[in-house]
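Engineer: One structure coming up, written as structure tokens, with questions to follow.
2 protein chains.
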Amino acid sequence: MSIVARPKPRNLGKLMVSHVTVAHGGGGKAMKDLIDDVFVSAFDNDLLAPLEDQARLDLAALARHGDRLAFTTDGYVVDPLFFPGGDIGKLAICGTVNDLAVGGAVPLHLSCAVVIEEGMAVETLRAIARSMAATARAAGVSIVTGDTKVVPRGACDKIFITTTGIGVIRPGLEIGADRARPGDIVLVNGRLGDHGAAILCARGDMALQSPVESDCADLSGLIAALLAAVPGVRFMRDATRGGIATVLNELAAASRVAIEIDETATPIDEGVRGFCEILGLDPLYLANEGKIVIAVAPEDAAVALAALRAHPLGRDACAIGKVTAGEAGRVSMNTLFGGRRIVDMLVGEQLPRIC
Amino acid sequence: MSIVARPKPRNLGKLMVSHVTVAHGGGGKAMKDLIDDVFVSAFDNDLLAPLEDQARLDLAALARHGDRLAFTTDGYVVDPLFFPGGDIGKLAICGTVNDLAVGGAVPLHLSCAVVIEEGMAVETLRAIARSMAATARAAGVSIVTGDTKVVPRGACDKIFITTTGIGVIRPGLEIGADRARPGDIVLVNGRLGDHGAAILCARGDMALQSPVESDCADLSGLIAALLAAVPGVRFMRDATRGGIATVLNELAAASRVAIEIDETATPIDEGVRGFCEILGLDPLYLANEGKIVIAVAPEDAAVALAALRAHPLGRDACAIGKVTAGEAGRVSMNTLFGGRRIVDMLVGEQLPRIC
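If you're matching them up, the sequences are chains A and B in order. Residue numbering for the first sequence follows full-length UniProt numbering, starting at 1 and increasing by one per position. Residue numbering for the second sequence follows full-length UniProt numbering, starting at 1 and increasing by one per position.
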């Protein structure tokens with residue numbers, strides 16, 4: 001390795017290599033070309049300032065959306081990078097947009113930091129960047145700043161993406177894990193476990209074929225429709241790693257309530273159910289990337305369900321249970337056979353790199 | 001692997017393991033314990049809301065600092081994790097705080113997303129989190145939201161950290177890479193190349209011992225002092241990957257000016273200089289983590305220098321050159337021996353994982 005500058009004709013044009021090298025993470029011309037060619041050209045928007053180390057956003061313009069800034073970050077390490085229903089780029093946008101939206105925020109801007117393994121095909125990187133750009137555009141958010149690191153072969157597996165989002169919450173919305181009250185109704189917007197099942201099948205090491213696609217989706221439109229109909233929603237959370245079991249446990253603990261769900265009311269695709277039976281998995285713990293758990297006051301439940309069902313991403317929405325004054329933090333499920341079982345926080349190992 | 005919940009007594013207490021397992025990334029109880037024990041306890045602040053997927057920040061409170069939100073992200077993959085003068089945690093805070101400050105923003109809040117390799121010692125993780133917390137506290141910023149992923153052994157090298165920062169820029173400050181004008185003076189706040197040299201030595205594969213420490217530092221206080229003295233600063237940039245050569249090239253290109261620096265005026269530690277001579281490195285391309293390149297109008301140069309030198313992190317500040325009306329984008333150095341050489345954008349390979 002040499003870090004002595006070798007004079008070379010300028011303006012040689014953009015990337016002329018097929019694979020990422022460590023030079024693309026060096027801070028020099030190769031990195032600038034990679035960023036311009038792959039990311040800046042895909043993310044193209046007025047706020048992106050590739051010449052600066054920071055994006056600048058007018059506070060007055062943000063304040064027109066509401067009174068509180070929501071700020072959230074997530075790293076995406078999913079394996080494989082491309083899977084039925086999505087890819088790491090789509091996931092990295094949807095996941096962070098959803099984390100903003102479930103708190104009641106209008107998602108507005110994202111940052112994107114990537115760690116790339118030396119040797120990655122530039123075409124793969126382009127496909128991921130295009131997927132991020134298209135997903136962001138559809139969600140109405142702009143990717144306004146970023147960072148690129150390249151590590152030597154073997155120091156990371158292909159690519160990790162961290163997106164950080166900012167959005168704005170309008171006055172009056174008060175959504176939180178500590179706000180559920182006995183009597184509240186628990187809703188979901190559709191069938192559970194599709195993402196986890198799709199990723200497991202896509203890895204191929206289960207030797208199972210399944211037609212299940214990931215439910216990876218931007219839920220901000222669905223959530224906006226729900227909040228327009230029911231501004232008093234108590235709680236929303238996208239049920240990603242750990243599935244709805246984890247979300248319900250977090251809600252029950254933070255609100256100091258019990259939650260009872262009904263197995264018969266819990267929507268699970270037949271394919272996913274069969275897949276879980278064969279592998280001994282519990283679909284309540286399978287990751288989703290397009291499903292939210294919602295708690296609303298009982299008098300709001302019918303309006304909330306109607307609003308969800310009127311949206312393409314909520315057609316299969318249903319009530320799965322209710323909040324009770326039982327033991328604080330306890331989540332239980334009334335089973336198909338009339339029994340009841342505890343739905344505990346996930347204790348053992350989970351599936352690594354599911355998102 | 002099983003994702004079926006195994007009922008287990010609750011409130012068992014916190015982490016009882018010495019090393020991170022994939023279960024710590026699963027979204028369940030192990031992950032919650034790891035986050036509570038290692039990160040939440042270290043980062044402790046009023047805005048941190050571990051029960052929610054997002055932090056919420058009052059827009060009116062932000063607007064008291066200025067009129068524009070600055071937003072920046074960086075991934076940190078430095079190897080080794082601990083080095084003379086710093087560690088990946090300190091670096092992940094200082095680097096992002098500095099990226100905010102060089103644009104004129106008051107750094108306020110950070111997010112922190114980590115990707116951890118299975119098998120990492122929990123004590124190492126704690127040391128990194130403590131370092132992040134102490135550095136953030138000293139810089140006056142709060143870490144308000146985060147994310148934790150664990151990948152199987154071999155899928156990443158120990159730990160990668162992505163921090164994203166928000167700050168606010170007060171009205172009237174206009175700092176940018178396109179604002180340098182012929183006649184402007186180029187300043188730096190001290191000796192160059194210490195971070196790059198320290199990391200190279202710390203890796204040990206050069207079989208060189210050197211007393212050089214990384215200059216890794218939070219520069220927000222120094223920058224605030226400079227802006228108080230000279231609000232009309234044209235440009236600031238921390239000279240990280242690619243060194244000052246890269247920053248000067250970016251400035252010259254964006255402002256469509258030429259820049260001439262003087263080798264005799266460019267401050268480099270004798271140890272670093274010797275180290276570079278032995279290895280055939282050019283210190284202008286070595287990374288810094290506590291040095292900024294500044295451009296000011298000629299009439300402001302004396303006041304700017306005095307303000308920098310009055311601060312502990314600017315004691316060795318000096319003028320290293322000037323902006324000229326020469327060929328747009330050209331950076332050159334008048335050498336010790338009376339010649340002149342082009343200082344081009346870094347073209348070849350750089351040192352991977354320097355930050």
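Using N, Cα and C, we set each Cβ at its ideal position, and we do this for glycine too. No experiment lies behind these values; they were computed from the predicted model shown.
How about GLU289/B and SER220/B: do their beta carbons lie closer than 7 angstroms?
Structural biologist: Position 289 of the second sequence, counted from the start, is the residue given in the question as residue 289/B. Position 220 of the second sequence, counted from the start, is the residue given in the question as residue 220/B. For GLU289/B and SER220/B, no; Cβs fall outside 7 angstroms.
Engineer: Can you check whether the CB of ILE259/A is closer than 7 angstroms to the CB of residue 356/A?
Structural biologist: Given a span of 1 to 355 for chain A in the structure shown, any question on residue 356/A remains unanswerable.
Engineer: I'd like to know if ARG158/A contacts chain B, where contact means its C-beta is closer than 7 angstroms to some C-beta of that chain.
Structural biologist: Counting from one through the first sequence, the residue named residue 158/A turns up at place 158. The sequence shown places Lys at residue 158/A, not Arg. Chain B has no Cβ within less than 7 angstroms of the Cβ of LYS158/A.
Engineer: Starting from ASP262/B, trace the beta strand (DSSP E) both ways and give me its first and last residue.
Structural biologist: Taking the first residue of the second sequence as 1, we reach residue 262/B at position 262. 258-262 is the extent of the beta strand (DSSP E) around ASP262/B.
Engineer: Beta-carbon of LYS29/A versus every beta-carbon of chain B: anything under 7 angstroms?
Structural biologist: The residue labelled residue 29/A in the question sits at position 29 within the first sequence. Look at LYS29/A: its C-beta is under 7 angstroms from a C-beta on chain B.
Engineer: Hey, how far is the Cα of THR264/B from the Cα of ALA228/B?
Structural biologist: Here residue 264/B corresponds to residue number 264 of the second sequence, with the count starting at 1. Here residue 228/B corresponds to residue number 228 of the second sequence, with the count starting at 1. Near 29 angstroms, if we compare the C-alpha coordinates of ALA228/B and THR264/B.
Engineer: Counting only beta-carbon separations shorter than 7 angstroms, does GLY172/A have a partner in chain B?
Structural biologist: On the first sequence, position 172 is the one that residue 172/A refers to. Not an interface residue.
Engineer: Are the C-beta atoms of PHE235/B and some chain A residue less than 7 angstroms apart?
Structural biologist: One-based indexing of the second sequence puts residue 235/B at position 235. Output row for PHE235/B: interface = no.
Engineer: For ASP178/A, which of ARG315/A, THR164/A, SER255/A has the nearest alpha-carbon?
Structural biologist: For the purposes of this step, residue 178/A is taken as residue 178 along the first sequence, with counting starting at 1. The shortest Cα separation from ASP178/A among ARG315/A, THR164/A, SER255/A belongs to SER255/A.
Engineer: Kindly indicate if chain A contains any beta-carbon less than 7 angstroms away from that of LEU12/B.
Structural biologist: Sequence index remark: in the second sequence, residue 12/B carries index 12 (1-based). Because the pLDDT of LEU12/B is 38, which lies under 50, any placement of that residue in the model is unreliable, and the number read from its coordinates should be weighed accordingly. Output row for LEU12/B: interface = no.
Engineer: Opposite SER41/B in the DSSP bridges: which residues?
Structural biologist: The residue you call residue 41/B lines up with position 41 of the second sequence. Its beta-bridge partners do not exist; DSSP assigns none.
Engineer: Alpha carbon to alpha carbon, how far is PRO107/A from PRO171/A?
Structural biologist: Here residue 107/A refers to the residue found at position 107 when the first sequence is read from its first residue. Here residue 171/A refers to the residue found at position 171 when the first sequence is read from its first residue. Using only the alpha carbons, I get a separation of about 15 angstroms.
Engineer: Could you tell me the boundaries of the beta strand (DSSP E) in which ARG273/B lies?
Structural biologist: Along the second sequence, one-based indexing puts residue 273/B at 273. Unbroken run through ARG273/B is the alpha helix (DSSP H), 270-279; no beta strand (DSSP E).
Engineer: Taking C-beta pairs closer than 8 angstroms, name the residues in chain B that PHE83/A reaches, listed in chain order.
Structural biologist: Here residue 83/A is taken as the residue at index 83 of the first sequence, counted from 1. None at all; the shortest Cβ gap to chain B is about 17 angstroms.
Engineer: Any idea if ASP344/A is buried or exposed, counting beta-carbon neighbours within 10 angstroms, 16 or more meaning buried?
Structural biologist: Residue 344/A sits at position 344 when you count from the first residue of the first sequence. ASP344/A should be labelled buried.
Engineer: Check whether chain A comes within 7 angstroms of SER214/B, counting only Cβ atoms and requiring the distance to be less than that.
Structural biologist: For the purposes of this step, residue 214/B is identified with residue 214 of the second sequence, where counting begins at 1. Closer than 7 angstroms: no.
Engineer: Check whether the segment 290-305 of chain A touches the segment 239-253 of chain A, taking contact to mean three or more Cβ pairs, one atom from each stretch, closer than 8 angstroms.
Structural biologist: At 8 angstroms Cβ cutoff, the stretches touch.
Engineer: Give me, in chain order, the residues of the same chain whose beta-carbon lies closer than 6 angstroms to that of ALA129/A; leave out the 5 immediate sequence neighbours on both sides.
Structural biologist: Here residue 129/A refers to the residue found at position 129 of the first sequence. Contacts found: VAL38, PHE39, ALA42.
Engineer: In whole angstroms, what is the alpha-carbon distance linking GLY193/B and ASP53/A?
Structural biologist: One-based indexing of the second sequence puts residue 193/B at position 193. One-based indexing of the first sequence puts residue 53/A at position 53. Whole-angstrom Cα-Cα distance: 20 angstroms.
Engineer: Alpha helix (DSSP H) containing residue 364/A: first to last residue?
Structural biologist: The structure shown does not extend to residue 364/A, since chain A is modelled only from 1 to 355, so the question has no answer here.
Engineer: Per DSSP, ASN98/A forms a beta bridge with which residues?
Structural biologist: Position 98 of the first sequence, counting from 1, holds the residue named residue 98/A. Paired residue(s): none; ASN98/A is not in a bridge.
Engineer: Using 10 angstroms around the beta-carbon of MET16/B, count the other beta-carbons present and answer buried if the total reaches 16, otherwise exposed.
Structural biologist: In the second sequence, counting from the first residue as 1, residue 16/B sits at position 16. By the 10 Å Cβ count, MET16/B comes out exposed.
Engineer: Excluding five sequence neighbours on each side, which residues of the same chain lie with their C-beta closer than 8 angstroms to the C-beta of ALA30/A?
Structural biologist: For the purposes of this step, residue 30/A is taken as residue 30 along the first sequence, with counting starting at 1. Same-chain partners within the cutoff: THR21, ALA23, HIS24.
Engineer: Starting from ALA105/A, trace the beta strand (DSSP E) in both directions and tell me its first and last residue.
Structural biologist: The count along the first sequence starts at 1 and reaches residue 105/A at position 105. From DSSP, the beta strand (DSSP E) with ALA105/A extends over 105-117.
Engineer: Under 8 angstroms between beta-carbons, which chain B residues line up against VAL150/A? List them in chain order, please.
Structural biologist: Mapped onto the first sequence, residue 150/A falls at position 150. Residues of chain B passing the Cβ test: PRO352.
Engineer: When Cβ atoms are compared, which residues of the segment 131-144 of chain A fall closer than 8 angstroms to chain B?
Structural biologist: VAL144
Engineer: Sorted by chain position, which residues of the same chain lie with C-beta nearer than 7 angstroms to HIS19/A's C-beta, five sequence neighbours on each side aside?
Structural biologist: Numbered from 1 along the first sequence, position 19 holds the residue referred to as residue 19/A. Within the same chain, HIS19/A has close Cβ partners GLY119, MET120, ALA121, VAL122.
Engineer: With the cut-off set at 7 angstroms, would you say ILE35/B and GLY103/B are in Cβ contact?
Structural biologist: Your numbering for residue 35/B matches position 35 in the second sequence. Your numbering for residue 103/B matches position 103 in the second sequence. No. Outside cutoff.
Engineer: Under a Cβ-count criterion, where at least 16 other Cβ atoms within 10 Å of its own Cβ denotes burial, should ARG341/B be classed as buried or exposed?
Structural biologist: By 1-based counting over the second sequence, the position of residue 341/B is 341. The residue is exposed, with fewer than 16 neighbouring Cβ atoms inside 10 Å.
Engineer: Could you tell me whether any Cβ in chain B is nearer than 7 angstroms to the Cβ of ALA92/A?
Structural biologist: Start at 1 with the first residue of the first sequence, and residue 92/A comes out as number 92. By this cut-off, ALA92/A is not an interface position.
Engineer: Taking only beta-carbon atoms, is LEU219/B less than 7 angstroms away from chain A?
Structural biologist: The residue you call residue 219/B lines up with position 219 of the second sequence. So, not an interface residue.
Engineer: Assess contact between the segment 110-117 of chain A and the segment 151-162 of chain A, defined as three or more Cβ pairs (one per stretch) separated by less than 8 angstroms. Is contact present?
Structural biologist: yes
Engineer: In chain B, what lies closer than 7 angstroms to ARG241/A by C-beta?
Structural biologist: The residue given as residue 241/A occupies position 241 in the first sequence. Under the 7 angstroms cutoff, chain B gives GLY26, GLY27.
Engineer: When DSSP builds the beta bridges, which residues end up paired with ASP238/A?
Structural biologist: Translated into the one-based positions of the first sequence, residue 238/A becomes position 238. Answer by DSSP bridge pairing, in chain order: ILE292/A.
Engineer: Determine contact between the segment 51-65 of chain A and the segment 70-86 of chain B, defined as no fewer than three beta-carbon pairs at a distance below 8 angstroms.
Structural biologist: The answer is yes - the segment 70-86 of chain B touches the segment 51-65 of chain A, with three or more Cβ pairs under 8 angstroms.
Engineer: Can you find a CB in chain B that lies within less than 7 angstroms of the CB of PHE71/A?
Structural biologist: The sequence position of residue 71/A within the first sequence is 71, counting from 1. Yes - at least one Cβ of chain B is within 7 angstroms of the one on PHE71/A.
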